[in-house]
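Take a look at the structure below.
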Amino acid sequence: MIKAAVYDLFGAGYETVSTTLMWTFLYLVKFPDIQRQVQDEIDNVVGRDRLPTLADRDKLPLTEAFIAEVFRHVSVVPLVVPHTTTQDTILGGGYEYCIPKDTIVFMSLYSIHKDPNQWVDPETFNPTRFLAEDGPGLDKKKVDSVMPLGAGCRRCVGVNIAPIQLFLYTSICLHQCSFKEQPWSAVVA
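Each residue of the sequence shown is one higher than the last, beginning at 1 in the UniProt record's numbering.
Below, the structure is given as structure tokens:
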């Protein structure tokens, strides 16, 4: 039983991070101008004499904004672990919905991340939506509105480590490499 739980934890962590990285590289290829801007930011802050580290994270807001937008735009985990209502709950929003106590509910991250009431032009990939309007840095409130690993006490246990891994993988790869689309005819099996 413990062995299975450990496999679940590591498997889930590996799968979500690797899938998010796959999407990250896809978006880097699809948006070469954004890729160049993030690379310029990394070069200006880190330089070419060393690799990016976690200590650079707060000084790379566009890099962080890019990762947040990948999380928001993709929603690798569209539904999170089910929860149960602890009391009768009434939801409004122009309609009245009563969810009885002990009802199993799912949170749709896709719906949250693509809500036009929350996000301007939610279908458009735009990392700058996470940059502060009043100066350099991130708009923490907007970044916190992205919940790629769930919310509350039952969110993913990797909620703190996954963003760190993605920051390091992404920033180091962009520091060392550029990614571009290759025509299918150039692919060799």
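Built from N, CA and C at the ideal position, the CB exists for glycine as well.
List the endpoints of the continuous alpha helix (DSSP H) containing residue i.
i: Thr170; result: Ile161 to Gln176
i: Lys141; result: Lys140 to Asp144
i: Leu109; result: Leu109 to His113
Output the boundary residues of the beta strand (DSSP E) element that contains residue i.
i: residue 196; result: This structure does not reach residue 196, given that the chain is present from 1 up to 189, and the question cannot be answered.
With DSSP as the reference, label residue i as helix, strand or coil.
i: Val45; result: helix
i: Tyr95; result: coil
i: Leu79; result: strand
i: Val105; result: strand
i: Leu26; result: helix
i: Thr16; result: helix
i: Leu131; result: strand
Output needed for residue i: all residues of its chain with C-beta closer than 7 Å, excluding positions within five of it in sequence on either side, in chain order.
i: Gln165; result: Val17
i: Phe130; result: Ala65, Ala68, Glu69, Leu138, Asp139, Lys142 and Val143
i: Thr128; result: Ala65
i: Pro116; result: Pro122
i: Asn126; result: Glu69
Go through its chain and collect everything with a Cβ distance to residue i's Cβ below 6 Å, but skip five positions before and after it.
i: Leu28; result: Gln35 and Phe179
i: Tyr97; result: Leu91
i: Arg57; result: Phe167
Hey, how far is the Cα of residue i from the Cα of residue j?
i: residue 216; j: Phe167; result: There is simply no residue 216 to check, as the chain begins at 1 and stops at 189 in what is shown.
i: Ile42; j: Leu79; result: 33 Å
i: Leu54; j: Leu60; result: 10 Å
i: Lys114; j: Arg50; result: 37 Å
i: Asp33; j: Ser108; result: 31 Å
Residues in its own chain within less than 8 Å of residue i by CB, not counting five upstream and five downstream?
i: Leu174; result: Leu28, Gln35, Val38, Gln39, Ile42 and Thr63
Check your understanding: Given 8 Å as the limit, is there contact between the region 71-84 and the region 95-115, that is, 3 or more CB pairs closer than that?
Key -> The answer is yes - the region 95-115 touches the region 71-84, with three or more Cβ pairs under 8 Å.
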